[in-house]
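To start, the structure under review is shown below, and the notes come after it.
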Amino acid sequence: ATNPSQFEIEFFVNDLSKPGASTFESLGGLEYKQNVNIQLECERSQIPTDGLVLRGWYTTITLAVYGTLTKSITNPPETVPPAPTTPVPIPVEPPTTTEPQATETLQNDWYFENNQPPPQPTSVPEPSTSPPPAAQPIQTIEISQKADPPEPQTWEGSPKSLPKTPKKPASPPPESLVSLSPESISAEEEEEPERETDEPSNAVEPFEPILSDEELMTDDLPTPSIEFISDINPDELHVIEPPDLLDIRPLPSDNLTWDSTPVSSQGASESEKILEILTLLSKSVTNFVTASGQEKENFVHNCESLCAYLSSHTSFDSEDLENLSDIVNAGLEMELAKSQPQPAYKVRHVKVGVRLAEATCGLNKGAEVLLKVNAPRKLLTLCTKENVALPVKLAAIRAVDAALISPKIVEDFLRPEDNLYKLTLMMLDEAKLARLKYALTSLIRKIHVYELLNSVETLGLREMSVSELMHAYTCAPTLMAQPRRQLPASMQMEFEREATRNPQNHLISYFKHHKLIKKLLMALVSAESSEKLIRAIRRFLVCLTDTPEGLLYLLSEPEATKAVLKALRYNKSGIGSNIAWNLQVAQCLAQLNHQKATGDLDWEVMKKLHSFLVYPEGLKALISVVPTGNFIDVLISLLRNRDFSDFAAEIIATTIKYSSHVEVLQNRASKLIEISREQPILRDVTSYLNTALPAIHWRYNDVTSLVSIIEKSTEKASALSGELVTSIRILYYLTFPPSNDVDPMEPYIELKHRNVLTQLFAANGLTALVGIMSSLANFYQQPTLHRATLTGKRGLALISLLTPTIKLIRALLERLVKCMATDFKDLTPVVPLLGIYSLVDAIPGNKKAVKLLHDEIAETLLLFTRAVDSDGAGNVAKSLWTQMLGEVLKMISARACNFLPGLKLFARILPSILYRENTPEGENTTRALGLRKLWSAHLQAQASNLTETLRLLCASWNEAVLTLLSTVCKQLSDLAAPTALLVGRCLLDRILTASPLENNLPTLALLNDLTLHPPVKATLLTLMSPTSRAQVKSDQKYPPVVEMLCACLKNTNDIDVQTEILEIFHTLCDDNLCLLEENTSEPFEIRLTHSVPSKEPLISILTALIDILNNAEKNSKMILEMTLRILLSLTKHNYGLYHVKSCLENNPGALKSFLGHVAILIEKEGESDNNVDNLMMLTVSFLESLVVCGKSDKRSLYLRLPQLASLIMWEKGEHHPLEKIR
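Residue numbers (the working numbering): 197 to 1418.
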């Protein structure tokens, strides 16, 4: 049998005609479809092979290979004839002193594959000198027909029974497998004539016997008597060990910024050029006033050249810094600019001065240079002068903004004597142009963050402070940016984000200056920190690790970061573990980046990074960290390195397959495709790269090409092809902003994303996406059967496809419902969404991603609740809301495998239970109640389906199903009275059909749990009351339910069944559990009608309870205690006391019999460990409650002592059991 019935499969073969091949050769692929396409025909008619590898997503496969079983296989004629070689003897006895020469040559490879301890060397005879043998025909291994066990043949020139490890498609070098060598082929061919002479001439070649598992396990073990020589040190082997998540080391000092280049990479000629320009400029500055016009113009030209050469790694001595400060000062002097003879050079002088000041900010000591010449004030003053063009003002503000990355500049801004902050506020107040106001506002916001950090040092961390810091860091690209060419309108086609001027770098600099990570650590471990503060800190740390700047900042503080990880319990699954893994990945990439620049690559770092692929947490960290920033460029640069190429390629391929950050391929696809021609591992992701390569796929104004790819892949969606996955990811990237950096208080709407959504709908994208979901849902009709195949990377790939697909569908439906309102009538996405919900629920692991998908599907379904009254006549039965609910109910009851996911989904879309503590106030209360009534009305239109589903599920004995069913029933009964009655009828119908009742403990447990919910209790009391006005004729069958429970309680000996029934009775008789609140103005008697059974059911219950007391010796102590508690709760009010007294009078002797049993238990207490104190206290309390009414407003009646004496049959002069109870 072959399962599933449809899948893609690829075949790889070890082509023995190509002995030098490093990998298996691909035979091609087959789209297997049961009874339709089941055969693969090869292009070559004959392929000599000894190994076949299959790759595909299947659980079971039946394979038939057609060919000829040959005794030997010869190489192609063009191979060089074999040279004379020394024959390799095959000894009959275990070898003691001799060993083949080929064994020595391949010993290291055999040892690597078997991972055995290094053997001791043995003496080996010197072979005769001969040239290396060429490839020869391979002798096939035969099984002898003799009675004795067959003599194992030599393979690859190794000793007997050397393991025959199969090959696999290309993999990293340390995991490569041993291949056939020409030497071993030659040695085996020469052994063949000797073996043939021992066999009879008429021998028939036998079939290979079928071995058992035990024989297969021992078949590949080497003979213990043969020793092997290996030069490999066990410590040098590629051993995968769990990484130490606290192994965080300081980053190199010259790797402070990711895009920086170390000093060593800067050419000597370039350094000389900078020094030469500095020398010329310093001379020009000295004689600038008296210089000629040509020299002044040359000053401008040289400053422009200097701006282009300056970088953060440019090293200057003190004299050079002094000259640079003089040059910057000259560039910012307006008088010197006015002295330029040409008008154009006057403006260029000012501009180059501003550019030079901005370039100086990137130097390590740039802040000192700027402060020495008071550059911030000069730049701001330049903006206040008249007749200065707006571009010059904006450039000056950009220069000041770049200087604010240094805390020293910010301190200078805030110094009272300088009043730069006040000057900035005055400029903002006087500014009339929007671009100027936006630039000044962005500048001031950075200063406010710095002031917030100053206040943290004095006042300590608070929840509000952490939330403000997280908000500022997240929205910095839009709130604190200095865009060059953009009008700061609230709605625009595209918002400019400069990657080279990320404002988050400023905030990271402030965090370092104020040692924020240490303050976060102290707050995390402090006993005085509130729970809200700790949660805010955890969210802030997650926000930091989502960006490359934040990861590098945490790595720059290794000791504090280690302590933070310990506080977050990094060794347990959760936020701490995720942050620790992300830091490990970022650290390895940062180290490789530094080593690549210095030319000293460390193999251990790459081995550690590659080993993360083995661990689920490491895999998630890789696919989340590598695509961010420029991390992936480090790995791409290593693809040309022979030693690191395969490892880097496998990490890149994994990232491309499973990461949702498809934007990394936009500018790198062509380069990766070029490299993949030489790199076999990257060929697996060629389909992903080819889809991302065309520029037309990244256009915001036309997504037709992407939709066409999706439509073509609909039938084969289960194959998760690279074209389909990449197309949907690109659509998601174009439709949604890649980073959530827009402040909700000041929204900047990018219209390009809305335009893509419109283009997607116009290109029939909704139908295409729904088709993909339908195909997947049909392929996985019973998802739990595929649970094993959905483990690991298959499930990860499925989630990576479904997440953007469902989000795109939700965005389209949301836009359609908003635009079309009640005219929207498309219900086609509902059924596929329900199927995908069941599929996602079957994916093991990935709890966070699964929950996210569940929420997305639920929110998508809730969109159909917005389009109500579709026919305009108020007929809710035809609305999309009602039809959607009908599909959900059909899905739940369709298959048993849908019970759990269907109930989870139903519970998720229904309104939550409205408890007293979370009830909204004012208008919100009215709105919440109105929403629940709407849900009840639409559910009533599906009453038959809902009733059928609830009755079906009530009969289940599965604990998980009953738990979810209880939750759903509570939500339904909380909506309104009609749905509560429907739930109550289904429960009582189940009780009536459960025969015998004592054998249906799960049903009683479900009833017990639901009775604790006030709406359900009120419904049950109504249905079980014979005199209820709310009953209809069909409800007359429900009053006998109480009698059934009482009969079951009397007849059963199962203590669990008795316990469940007594707990049900206790809940029904508890007057405190009621729909009406205690502080309402309703009389207490009215409350009792909603919280206590009516006369007939109550008398039945009391009769059963008193019968338990009368037969106390037949019941356990726990049952007696529960009975007394129910009676005690009833004696709290006049209504209950009256009926308790009446039932006791109707059953004389019951109390005396019970008291006698209690007295016997007291006498036996000393003889055993049986403790009856609780039972004795309850007995006394019950008797006391009959004669004492206390100060309660609920009760005014009580029994006189003679009446009590009559009930317990107290007679003077006789010993009564009550005397022994004290």
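Here a beta-carbon is modelled for each residue, glycine too, at the ideal position from N, C-alpha and C.
These numbers were taken from a predicted model, which means no experiment stands behind them.
Just confirm the distance between the C-beta atoms of residue i and residue j, as a whole number of angstroms; I'd bet it's less than 8 angstroms.
i     : j     : result
I1358 : M1372 : 7 angstroms
E745  : N698  : 7 angstroms
T910  : S971  : 5 angstroms
I924  : T1001 : 6 angstroms
Figure out for me which residue from the options has the closest Cα to the Cα of residue i.
i     : options                       : result
N1094 : T1121, L1135, V1072 and Y1033 : Y1033
C1150 : R1186, N1141 and T1018        : R1186
L1188 : T1159, Y1234, N1342 and A763  : Y1234
S935  : T922, I924, S923 and H949     : H949
G1041 : T1056, I995, L1085 and A1017  : I995
V481  : V496, E1055 and G1352         : V496
L1142 : L1184, G1082, H1412 and N570  : G1082
D1284 : L1271, D1267 and Q783         : The sequence shown places Leu at residue 1284, not Asp. Cα-wise, what sits closest to L1284 is D1267.
E554  : E1407, K542, L532 and G527    : G527
P876  : I1053, F203 and E221          : E221
L250  : N233, S241 and V209           : V209
L1414 : T850, L552, L1347 and S1089   : L1347
L266  : P244, I473 and H1411          : For clarity, residue 266 is Thr in the given sequence; the question names Leu instead. Nearest of P244, I473 and H1411 to T266, Cα basis: P244.
E564  : A599, A592 and P539           : A599
A984  : W253, S201, L212 and V232     : W253
I473  : D1019, L506, I444 and F484    : L506
V1376 : L1324, V1336, L1333 and H1411 : L1324
Assuming residue i is part of the beta strand (DSSP E), what are its boundary residues?
i    : result
L248 : T245 to G252
Based on DSSP bridge pairs, tell me the residues matched to residue i.
i     : result
L226  : I205
Q193  : Residue 193 is absent from the model: the chain starts at 197 and stops at 1418.
E221  : V209
T1263 : DSSP output for T1263 lists no bridge partner at all.
N615  : Note: N615 sits in no beta bridge, so no partner.
N199  : T256
N233  : K229
Hey, could you find the ends of the alpha helix (DSSP H) residue i is sitting in?
i     : result
K561  : Neither: K561 is in no alpha helix (DSSP H) and is coded neither H nor E.
Q1167 : E1155 to S1169
E1052 : K1043 to L1058
L818  : P812 to V821
R731  : E727 to T741
E1309 : Counting along the chain, E1309 falls outside any alpha helix (DSSP H), and DSSP gives it neither H nor E.
R836  : Taken as a continuous stretch (DSSP letters only), R836 belongs to no alpha helix (DSSP H), as it is neither H nor E.
T922  : G918 to T931
N650  : A630 to L655
V938  : First-last for V938: undefined, no H or E at that position.
Would you kindly check if the distance between the Cβ of residue j and the Cβ of residue i is under 8 angstroms?
i     : j     : result
T1175 : S1169 : yes
P823  : V860  : yes
N778  : V821  : yes
L868  : L997  : no
T931  : L902  : no
C1339 : L1298 : yes
C1265 : V1228 : no
A1007 : L953  : yes
V1384 : L1400 : no
L1200 : V1237 : no
I819  : T851  : yes
L927  : L1004 : yes
K1416 : K1328 : no
L750  : T757  : yes
I1251 : I1322 : no
N1370 : E1317 : yes
Could one say the Cβ of residue i lies closer than 8 angstroms to chain D's Cβ atoms, at least one of them?
i    : result
T486 : Within the model displayed, chain D is absent; a lone protein chain is all it includes.
Taking 7 angstroms as the cut-off, does the CB of residue i come closer than this to any heavy atom belonging to the ligand SAM?
i     : result
I1358 : Among the components of this structure there are no ligands whatsoever, and the ligand SAM is therefore not found.
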